[in-house]
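Numbering (full-length UniProt numbering), first residue to last: 1 to 399.
Right, one structure below, let's go through it.
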Ligand SMILES: [Zn+2]
Ligand SMILES: [Zn+2]
């Protein structure tokens, strides 16, 4: 069942497309890294204030929220939040665009410039339709998604107080333009970075019996960790363990004192994540001690998986069908992303749906992966995202 009280929504979006694109390009030209989104946050705050929203700034350093009170909201009306992230990445942009990054070592290479512009446009449309809103809408602009550091402190500082549900989207270059991915359950993986410090006893490379070789211990640990995935996780579950950095030794003829290795673990559900984190530590420490060494394991910057609520997924799914047609709404496992996103902290706090809007178009060269120096988005994805978010709000309040 479609709500569609908003027959002329497409026209309202069309007339805002020039500004939607101009805002995105302006943000693209002026990328700011995690917790440094000062210019971006001030543009966001000014725009929200001009629309008449109740604006709060400085949440989790550079986060901004804007509350739009519905004109048709009964007492005890519900409030839905729309979340966008604002930060860029430390990457040198290789695109030759009129609106290329003006800062050599910073780039919007994940599409957060698009997310911010999309959410501002939705705020504009909904503020003009305020009298029809049967509840309140809170816009949440978070800092530091890329460092997995912005969402959690925003929740801790009360950004979700009084919020009943939350929605948001990620533009994804690996999904073709025109498609929207909406899936109940996990959509983005958890991400934990792992650091192992393997201690042995240094010595002469030709006299191993006088030493305890941490290099050999770490080799055993790396191999054993892979068997956690292949032997202890069901073939129907997915998880990844990667050891990406190894630091050992100073010369060919010296057994070093210690080896430090860094890696990451990704999974799609909380139980698998908890199980693997425990087993990674047990296996690493067990192997090290059986070989007369020791191993310290540190889990850093852990981010839970993004888990969508079934009810809220239904709301967004209907909005997506009304926007792009059922044939362009993808609900399959293919919608899952093995990257992580700290939208997870918002989704853990209130029921919500994080959906995917395809921005890949080989003719426009926008299929480079996220975080690539040639990453770009097909800007035709922006109005699609605006429409799905706007329709989701009305769908939510119609339920
Ligand atoms: Zn990213
Ligand atoms: Zn991102």
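Backbone N, C-alpha and C define an ideal beta-carbon position, used for all residues, glycine too.
Every value quoted in this text rests on a predicted model; they were computed, and no experiment measured them.
query	result
Going straight from the alpha carbon of residue 346 to that of residue 168, what length do you get?	10 Å
Would residue 94 be called buried (16 or more neighbouring beta carbons within 10 Å of its own) or exposed?	exposed
May I ask you to list the residues that DSSP assigns as paired with residue 390?	DSSP, once it has assigned bridges, lists no residue as partnering residue 390.
Decide yes or no for the touch test of the region 379-387 against the region 8-21: beta carbon pairs closer than 8 Å, at least 3 of them.	yes
Cβ of residue 109 within 8 Å of Cβ of residue 141?	no
Counting along the chain, where does the beta strand (DSSP E) carrying residue 245 start and finish?	239-248
Return yes when at least one heavy atom of ligand 2 lies under 7 Å from the C-beta of residue 170, else no.	yes
Let me know the secondary structure DSSP gives residue 176 once reduced to three states.	strand
Could you tell me whether the Cβ atoms of residue 67 and residue 54 are closer together than 8 Å?	yes
Could you spell out the range, first to last residue, of the alpha helix (DSSP H) harbouring residue 275?	270-290
Applying the criterion that 16 or more other CB atoms from any shown protein chain within 10 Å of the CB defines a buried residue, is residue 10 buried or exposed?	exposed
Straight-line CA distance for residue 35 to residue 84?	14 Å
If residue 315 sits next to residue 353, beta carbons under 8 Å apart, how far is it from one beta carbon to the other, in whole angstroms?	7 Å
Given that a residue counts as buried once 16 or more other Cβ atoms are within 10 Å of its Cβ, and exposed if not, what is residue 230?	exposed
Who does residue 54 pair with in a DSSP beta bridge?	67
Leaving out the 5 sequence neighbours to the left and right, which residues in its chain are closer than 7 Å to residue 366 when beta-carbon positions are compared?	173, 359, 360, 376, 377, 378
My guess is that residue 396 and residue 182 are in contact by the Cβ rule of under 8 Å, so how many angstroms apart are they, rounded?	So it is not a contact: roughly 14 Å between Cβ atoms.
With a threshold of 7 Å (Cβ to nearest heavy atom), would residue 15 be considered close to ligand 2?	no
Beta-carbon separation of residue 313 and residue 184 under 8 Å?	yes
Taking residue 215 and residue 263 to be in contact with their CB atoms under 8 Å, please state how far apart those CB atoms are, rounded to whole angstroms.	Not confirmed; about 16 Å, so no contact.
Taking C-beta to C-beta, are residue 107 and residue 373 nearer than 8 Å?	yes
By Cβ distance, which residues of its chain are closer than 7 Å to residue 351, with the 5 residues on each side in sequence left out?	165, 309, 311, 312
If you run the structure through DSSP and keep just helix, strand and coil, what is residue 161?	coil
Quick one: is the Cβ of residue 353 within less than 7 Å of any heavy atom of ligand 1?	no
Taking contact to mean at least 3 C-beta pairs separated by less than 8 Å, is the region 330-338 in contact with the region 283-295?	no
Which two residues bound the contiguous beta strand (DSSP E) that contains residue 81?	79-85
Can you tell me whether DSSP reads residue 17 as helix, strand or coil?	helix
Under the three-state reduction of DSSP, which class applies to residue 108: helix, strand or coil?	coil
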